[in-house]
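K.L.:
Residue numbers (this note's numbering): 573 to 1132. Note that beta-carbon positions come from the ideal geometry of N, C-alpha and C, so glycine has one too. Handing you a structure now.
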Amino acid sequence: MTRIAIDPVTRIEGHLRIEVEHDSDVVQDAWSTGTMFRGIEQILAGRDPRQAWVFAQRACGVCTHVHALASVRAVENALGIAIPPNARIIRNLMSGVQFVHDHVIHFYHLHALDWVDIVAALSADPAATASLCQATNPGWANSSTAYFTEVRTRLQAFVDSGQLGPFAAGYWGHPAYQLPAEANLLLVAHYLEALEWQREIIKIHAILGGKNPHPQTYTVGGMALTLAPDAPSGVNTTALGTIGTLLTSIQNFVSTVLVGDVKLLARYYQIPWTTLGAGPGNLLSYGEFPEADGASPAPFLPAGRVTGRDLGSLGPVDQAAIAETVARSWYTYSSGDSGARHPSAGETTPTYTGPQPPYDNITTTKYSWLKAPRYDGAVYEVGPLARLGVAYAVGVAPVRQAVDAFLSDLGLGQAALFSTIGRLAARALETQLLADRLPTWLAALRTNITGGDLRIADTTRWSPDTWPATASGWGPTEAPRGGLGHWIAIAGGSIANYQMVVPSTWNGSPRDAAGALGPWEQALVGTPLVDPTRPVEVLRTVHSFDPCMACAVHVHRPGS
Ligand code: NFE
Ligand code: MG
């Protein structure tokens, strides 16, 4: 047995160490370590619940607003506030755009280089790359030989300069890279195009939220925005027109470039990557994008659970069944045990017990700043694969069509979804489903405004005088990386307890009190390593979950 550690894992947000033990070049065991402490939950204690979202969304600058959304929902749930339809639609638009933006950046800028060999792209034939582009991304304008000649020249100049920047220290030339040179050049070209594109489309957040990251227009009870066709600023006719134009750009790029590229990559890597990286095979989604109002509005992507890698299975989500253990995490509970604790009774008491640097070979009982969230004691994966798996199980027609078409295109069965490539495919298909859905939400907003419904927030319970002495609630949302929940307890008008259970805590969790490995850890076991000194295969599977440790890393206390 030999141990290797990747520390830090790069092309993620935050600080992650992955350690694996391999034998005969196959991973036998794995440890996922969040290496910095999270402190937002303590910062929130004692504050005004109406302010919580402003602090909470600073959890992360990558999933830029989802903590604000979960936070206002938690307070609204605790105080029994129903938001008006326009606020619901604007929140959907903000979240939908966040998903699309985040997923595209993940594929091209955080994940592609695990599959795309930058140096090999230099030997591509531009004319053959143009043909490949026309077949992969039909109708996309940048598909000429001259264009790919120019991209190759730009890339060559970059490599010749020795200033590789984001391309430095890659495993270039590694035998696990399986793309032909032309596919490498095509994906490098789209890496660069996606950089330009993302900067434009996220202007929707600037229009609806004032800025990005960390939009400023959330409020408990709705949104704090001017809303009227002829308003001098805010959401007026001009703004709606601009959003519409940007949504068209989103649809074009996603359907033509992103989905084509992910299919191309999946075709070349389906052997062996549709049989590796499975994870726990249990999927959980809170559901998101409510398309109606009232107490239990039907979401576009439904809530539910799938178990045992079986899309025929379907169970409900009851938040009472969620609990976190800290047996292997650097926390203690005041009760002295480290077993299952529902988030409403959660405690965040950091207790670092080593190891000390250089941390070689995890031998300590506790090895992560992430807690271990479980549902009914079982390990669940959250994220795009979970959302689409649950939506498939529920029978959501566009999801079934998209998933079935993808699988039949590649000649794959449903089992292939539970894999590293399955996770990439689910993320790309979800991006397309949302890109196609966003215009319907904009149209609904336009109809409301034109029809004279300008309500954007319910302020009847704004004053703490109207609140009960104590109240508690939870705010679920789906963030790009998966199910996100905030739990709040209010007493005397202030926050008595605040707990956040984030997607990357589910997926990146360490072992629990029962010894069960977290999803990343499980997904790594069984992975063959072509060259253990350059473990690109480990990165492929960990990155396929799109880790964000920043959601687990906000306060670094010197000495802790
Ligand atoms: Ni910081 Fe996040 C998302 C949340 S955590 S990126 O998506 O919530 O995984
Ligand atoms: Mg937490």
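Assuming residue 795 and residue 662 make a contact with CB atoms under 8 angstroms, what is their CB distance in whole Å?
P.N.:
Residue mapping note: residue 795 aligns to position 223 of the sequence shown, counting from 1. Residue mapping note: residue 662 aligns to position 90 of the sequence shown, counting from 1. That pair is a contact at about 5 angstroms.
K.L.:
With burial defined as no fewer than 16 other Cβ atoms inside 10 Å of the residue's Cβ, what is the status of residue 890: buried or exposed?
P.N.:
Walking along the sequence shown from the start, residue 890 turns up at place 318. Exposed.
K.L.:
Which value, in whole angstroms, describes the spacing of the CA atoms of residue 1075 and residue 981?
P.N.:
As a position in the sequence shown, residue 1075 is number 503, starting the count at 1. As a position in the sequence shown, residue 981 is number 409, starting the count at 1. Each residue's alpha carbon lies about 30 angstroms from the other.
K.L.:
If contacts are defined as beta-carbon pairs under 8 angstroms, then residue 774 and residue 811 qualify, I think. What distance do you get, rounded to the angstrom?
P.N.:
As a position in the sequence shown, residue 774 is number 202, starting the count at 1. As a position in the sequence shown, residue 811 is number 239, starting the count at 1. In fact, because the Cβ distance is near 15 angstroms, the residues do not count as touching under 8 angstroms.
K.L.:
Taking the beta strand (DSSP E) that residue 703 falls in, what are its first and last residues?
P.N.:
Locating residue 703 in the sequence shown gives position 131, where the first residue counts as 1. It is not in any beta strand (DSSP E) - residue 703 instead sits in the alpha helix (DSSP H) that spans 698 to 708.
K.L.:
Does DSSP put residue 1070 in a helix, in a strand, or in coil?
P.N.:
As a working mapping, residue 1070 is identified with position 498 in the sequence shown. Strand, per DSSP.
K.L.:
Within 10 angstroms of the Cβ of residue 549, are there 16 or more other Cβ atoms? Answer buried if so, exposed if not.
P.N.:
Any question about residue 549 goes unanswered here, given that the chain covers just 573 to 1132.
K.L.:
How would you write the range of the beta strand (DSSP E) that residue 1047 sits in, first residue to last?
P.N.:
Reading the sequence shown from its first residue, position 475 is the one you call residue 1047. 1042 to 1051 is the extent of the beta strand (DSSP E) around residue 1047.
K.L.:
Could you tell me the boundaries of the beta strand (DSSP E) in which residue 1034 lies?
P.N.:
Here the question's residue 1034 lines up with position 462 in the sequence shown. It is not in any beta strand (DSSP E) - residue 1034 carries neither H nor E in the DSSP assignment.
K.L.:
Give the DSSP-derived three-state secondary structure of residue 971 in the structure shown.
P.N.:
Within the sequence shown, the letter at position 399 stands for residue 971. Assignment of residue 971 by DSSP, reduced to helix, strand and coil, places it in the helix class.
K.L.:
Roughly how many angstroms lie between the CA atoms of residue 704 and residue 627, to the nearest whole one?
P.N.:
Start at 1 with the first residue of the sequence shown, and residue 704 comes out as number 132. Start at 1 with the first residue of the sequence shown, and residue 627 comes out as number 55. Going by the C-alpha atoms only, they are around 47 angstroms apart.
K.L.:
Please list the terminal residues of the continuous alpha helix (DSSP H) segment that includes residue 627.
P.N.:
Position 55 of the sequence shown holds residue 627. 624 to 628 is the span of the alpha helix (DSSP H), which, as asked, contains residue 627.
K.L.:
So residue 649 and residue 1045 are in contact, right, with Cβ under 8 angstroms, and what is the actual spacing, rounded?
P.N.:
On the sequence shown, position 77 is the one that residue 649 refers to. On the sequence shown, position 473 is the one that residue 1045 refers to. Their Cβ separation, rounded to whole angstroms, is 3 angstroms, which keeps residue 649 and residue 1045 in contact under 8 angstroms.
K.L.:
Select from 945, 908, 1073, 1065 the residue whose C-alpha is nearest the C-alpha of residue 1088.
P.N.:
Reading the sequence shown from its first residue, position 516 is the one you call residue 1088. Nearest option by C-alpha distance: 945.
K.L.:
Mapping the DSSP letters down to three states, classify residue 1114 as helix, strand or coil.
P.N.:
Residue numbering aside, residue 1114 sits at position 542 when the sequence shown is read from its first letter. Secondary structure at residue 1114: helix, using DSSP grouped into helix, strand and coil.
K.L.:
Where does residue 805 land, buried or exposed, given buried means 16+ other C-beta within 10 angstroms?
P.N.:
Position 233 of the sequence shown, counted from the start, is the residue given in the question as residue 805. Around the C-beta of residue 805, fewer than 16 other C-beta atoms lie within 10 Å, and the residue is accordingly described as exposed.
K.L.:
If distances are taken between C-alpha atoms only, which option among 618, 613, 1009 comes closest to residue 1066?
P.N.:
The count along the sequence shown starts at 1 and reaches residue 1066 at position 494. The shortest Cα separation from residue 1066 among 618, 613, 1009 belongs to 618.
K.L.:
Within the continuous beta strand (DSSP E) that includes residue 605, where are the two ends?
P.N.:
Numbered from 1 along the sequence shown, position 33 holds the residue referred to as residue 605. Element bounds for residue 605: 598 to 606.
K.L.:
Where does residue 842 land, buried or exposed, given buried means 16+ other C-beta within 10 angstroms?
P.N.:
In the sequence shown, counting from the first residue as 1, residue 842 sits at position 270. Flag for residue 842 reads buried.
K.L.:
Taking only three categories from DSSP, how would you classify residue 1064?
P.N.:
Counted from its first residue, the sequence shown places residue 1064 at position 492. The three-state reading of DSSP puts residue 1064 in coil, since its state is none of H, G, I, E or B.
K.L.:
Do you know how far the Cα of residue 1020 is from the Cα of residue 620?
P.N.:
Here residue 620 refers to the residue found at position 48 of the sequence shown. Here residue 1020 refers to the residue found at position 448 of the sequence shown. Cα to Cα, residue 620 sits roughly 32 angstroms from residue 1020.
K.L.:
Here's a check: name, in chain order, each residue in its chain whose Cβ is nearer than 6 angstroms to the Cβ of residue 1111, leaving out the five neighbours to either side.
P.N.:
As a first step, residue 1111 must be located in the sequence shown, where it is residue number 539. The residues are 686.
K.L.:
Would you kindly work out how many angstroms separate the C-alpha atoms of residue 978 and residue 1002, rounded to a whole number?
P.N.:
Indexing the sequence shown from 1 puts residue 978 at position 406. Indexing the sequence shown from 1 puts residue 1002 at position 430. Rounded to whole angstroms, residue 978 and residue 1002 show a C-alpha spacing of 12 angstroms.
K.L.:
If you draw a straight line from the alpha carbon of residue 682 to that of residue 915, how long is it in whole angstroms?
P.N.:
Locating residue 682 in the sequence shown gives position 110, counting from the first residue. Locating residue 915 in the sequence shown gives position 343, counting from the first residue. Roughly 31 angstroms between the two C-alpha positions.
K.L.:
I want to check one thing, is the minimum distance from the CB of residue 1073 to the heavy atoms of ligand 2 below 7 angstroms?
P.N.:
Translated into the one-based positions of the sequence shown, residue 1073 becomes position 501. Correct: residue 1073 has its Cβ closer than 7 angstroms to ligand 2.
K.L.:
Is residue 575 near ligand 3, going by C-beta to nearest heavy atom under 7 angstroms?
P.N.:
Although ligand 3 was asked about, the structure shown includes only ligand 1 and ligand 2 as ligands.
K.L.:
In chain order, which continuous runs of the beta strand (DSSP E) of length 3 or greater are located wholly inside the segment 829 to 886?
P.N.:
855 to 857, 860 to 862, 871 to 873, 876 to 878
K.L.:
Take residue 847 as the anchor and find which of 674, 1012, 986 has the nearest alpha-carbon.
P.N.:
Looking up residue 847 in the sequence shown gives position 275. Measuring from the Cα of residue 847, the nearest candidate turns out to be 986.
K.L.:
So what does DSSP say about residue 666, is it helix, strand or coil?
P.N.:
Residue mapping note: residue 666 aligns to position 94 of the sequence shown, counting from 1. Helix at residue 666.
K.L.:
What is the DSSP secondary structure of residue 655, counted as helix, strand or coil?
P.N.:
Here residue 655 refers to the residue found at position 83 when the sequence shown is read from its first residue. Reduced to three states, the DSSP call for residue 655 is coil.
K.L.:
Any idea if residue 768 is buried or exposed, counting beta-carbon neighbours within 10 angstroms, 16 or more meaning buried?
P.N.:
As a position in the sequence shown, residue 768 is number 196, starting the count at 1. Residue 768 should be labelled exposed.
K.L.:
Which residue or residues does DSSP assign as beta-bridge partners of residue 807?
P.N.:
As a first step, residue 807 must be located in the sequence shown, where it is residue number 235. The partner list for residue 807 (beta bridge, DSSP) reads 799.
K.L.:
For a minimum of 4 consecutive residues, which ranges assigned as the alpha helix (DSSP H) are wholly contained in the segment 957 to 1028?
P.N.:
969 to 982, 992 to 1022
K.L.:
In three-state terms, what does DSSP make of residue 595?
P.N.:
As a working mapping, residue 595 is identified with position 23 in the sequence shown. If DSSP states are grouped into helix, strand and coil, residue 595 belongs with the strands.
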